[in-house]
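Residue numbers (our numbering): 2 to 146.
We treat Cβ as the ideally placed atom computed from N, Cα and C, and that holds for glycine.
Structure first, then comments.
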Ligand code: RB5
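What follows is the structure in structure tokens.
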């Protein structure tokens, strides 16, 4: 189950993410927002991140104006590793090296074609493990989160 969230600035892309995941026959849960009315991105990013932290969802795709705000929120949650990406290479490496479980991007910063390619590669790339395992473990071990 993929957790989906956005604020008003990412709402249109969130709706496109949902259509794209439907095409791919992938299950998702939409944590809002549900319109372009102005809201606060932490409200939605916290709810979706909590669902990843507690195991209800396996991973997530979060959108705001830049992808930055939602990623900062997500990374406050235990077990969540969110990557704000603007390129397909960054999305790929966030999986290979960081075992990222949330992809974040900005509707105001990346074209939809790039966003779609980032989603595809994020969902289809495995963590490389090896030397990266120790590093990823250290992300969590020092803070307990
Ligand atoms: C909303 O205007 C904007 O600040 C928000 O979507 C996001 O980009 C914050 O990081």
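*Relative to the ligand RB5, what is the chain-ordered list of residues with a Cβ closer than 5 Å to any of its non-hydrogen atoms?*
In chain order, the hits are 8, 10, 65, 66, 67, 69, 70.
*Nearest CA to the CA of residue 61: which residue from 135, 82, 88, 42?*
Comparing alpha-carbon positions, the option among 135, 82, 88, 42 lying closest to residue 61 turns out to be 82.
*Could you tell me which residues DSSP puts in a beta bridge with residue 64?*
DSSP, once it has assigned bridges, lists 7, 106 as partnering residue 64.
*Reduced DSSP category for residue 91 - H, G, I as helix; E, B as strand; rest coil*: If DSSP states are grouped into helix, strand and coil, residue 91 belongs with the helices.
*Straight-line CA distance for residue 4 to residue 125?*
Distance between the alpha carbons of residue 4 and residue 125: 16 Å.
*In chain order, what residues of the same chain have a beta carbon less than 7 Å from the beta carbon of residue 33, not counting five sequence neighbours either side?*
Leaving aside the five residues that flank residue 33 on each side, the residues in its chain whose CB is nearer than 7 Å to its CB run, in chain order, 6, 45.
_So, with DSSP's three-state summary, where would you put residue 30?_
Three-state DSSP puts residue 30 in a strand.
*Do you know how far the Cα of residue 36 is from the Cα of residue 96?*
Going by the C-alpha atoms only, they are around 30 Å apart.
*To which residues of the same chain is residue 116 closer than 7 Å at the C-beta, ignoring the five residues directly before and after it?*
Taken in chain order, the residues that qualify are 14, 106.
*Is residue 83 helix, strand or coil when you go by DSSP?*
Of the three classes helix, strand and coil, the one that applies to residue 83 here is strand, per DSSP.
*Per-residue DSSP class, three states only, for residue 40*: Residue 40 sits in coil when the DSSP states are folded into three classes, being neither helix nor strand.
*With distances taken Cα to Cα, identify the nearest neighbour of residue 118 among 89, 75, 59.*
Closest by alpha carbon: 89.
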